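Engineer:
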Amino acid sequence: MSFKTKLTSIVMGSVLVFGLAACGNGQGDVAAVVNGEEIPMSEFNKMYESQKEQMLQSQQSASQSQQGGDSEEKDSESEASLSDDQKKQLKTSVLENVINVELILQDAEEQEITASEDKVKEQFNQMKEQSGEDKFKEILKENDLTEEDLKKNIKDNLVIQKYFEKNMDETEVTEKELKEEYDKMKQQYEAMNKQSEQEMEIPKFEDSKEQLKSSVKKSKQQKQQQEIIDKLRENGEIEKKVEV
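Numbering-wise, the sequence shown is residues -23 to -1, 1 to 221 according to mature numbering (1 follows the signal peptide of the UniProt record, and there is no 0).
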C-alpha cells in the first residue's frame, strides 16, 4: 500500500466503507449531530474532497486507457468534474461514513477501548519515513491536514480496529463456502473466456483455497461490521445537517 493510499484510508477514519467547501450553500459549520455530538463540516469536507479526487483520478485513468496515451491532456480537462448525480451520491456516502465513524468511536469510548500513544507514534513515524520529509509535508498539505490531525486520525483508526476485534465473532470458513466461492470464480472465468480471443486457464480448486478463504473471510467480516453499525444507528440519535 502506497503512503498516499494509506493516508487516504486513515483520513477516512475507518476500516469500512466513502467543491462542497466552496459552495457557500448556508449549511453552517455542522455536518451532523450524533447522540448530541456535533460533527464539524470541515471534517465532512476533507473526506468529500479526498473521495472526489480519487473518483476523478479513476475516471481519467479509465478514459486514458480506452483512448490511448495521446489523449491524456484532453482527458484531464474533460474529466475535471463530477456529474450532479455523482456529487449527490458521493455526499450521501461520505455523510453516512462520518456518522458511522462517530457512532463507533462513541461506543468504543463507552467500552473503554483506547489506542496507545506509542502505537500512534510508531505508525506516524513509519508513514513519515516511507515518504521522506518533503513529500510527507506535501501530502499533508494536499489533504489539508496538520501533523496533529494525522495523529488523531491514526488513533481513531486504531481504536476502530480494536473495537471490531472486540465486538466481532471469530470468522470461520467452511469447505462448503470455499466450494461455493470457487464455483462463482469459475463462472467468472468462463464468462471472460467467451468474450476473449485468448482463453485463460481456470485455476484448480486446491490451488485457489487460500485466496478463496481470504475472500470469504473478508466478506463475512464486512457483513458482521455492517450488522454492528446497523445496531448502533438503530439505537442512536442522528440528525443530518448536510443537504444532498
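A virtual CB, placed ideally from N, CA and C, is assigned to each residue, including glycine.
Just so you know, these numbers come straight off a predicted model, no measurement behind them.
1. Could you tell me whether the Cβ atoms of G213 and V75 are closer together than 8 Å?
2. What distance in whole Å lies between the Cβ atoms of T148 and Q198, which are believed to be in contact at a cut-off of 8 Å?
3. For the ligand HEM, is there any heavy atom lying closer than 7 Å to the beta carbon of N134?
4. Under 8 Å by Cβ, that's how I've got E15 and Q83 pegged, so tell me the actual separation to the nearest angstrom.
5. Use the C-beta contact count for K51: other C-beta atoms within 10 angstroms, 16 or more gives buried, fewer gives exposed.
6. Are K23 and V221 close, meaning C-beta to C-beta below 8 Å?
7. Please go through the same chain and pick out, in chain order, the residues whose beta-carbon is closer than 6 Å to the beta-carbon of L72, but skip the five residues on each side of it.
8. On the criterion of 16 or more Cβ atoms from any shown chain inside 10 Å, does E158 qualify as buried, or is it exposed?
9. So, V150 versus K190, is the Cβ gap smaller than 8 Å?
10. Would you kindly work out how many angstroms separate the C-alpha atoms of L59 and V7, rounded to a whole number?
11. Apply the 10 Å Cβ neighbour rule to S19 and answer buried if 16 or more other Cβ atoms are within range, or exposed otherwise.
12. Going by other Cβ atoms of all chains shown within 10 Å of its Cβ, with 16 needed for buried, is S38 buried or exposed?
13. Considering only the alpha carbon of each residue, which of S173, Q164, E26 lies closest to I179?
Structural biologist: Checking against the coordinates, here is how it stands:
1. no
2. 5 Å
3. Ligands in the displayed structure: none, and consequently the ligand HEM is not present.
4. Rounded, the Cβ-Cβ distance is 12 Å, inconsistent with contact.
5. Reliability fails at K51, whose pLDDT of 48 lies under 50, so the model's placement of it is uncertain and no value is given.
6. no
7. V219
8. That one is buried.
9. yes
10. Their backbone Cα atoms lie some 24 Å apart in a straight line.
11. exposed
12. exposed
13. Q164
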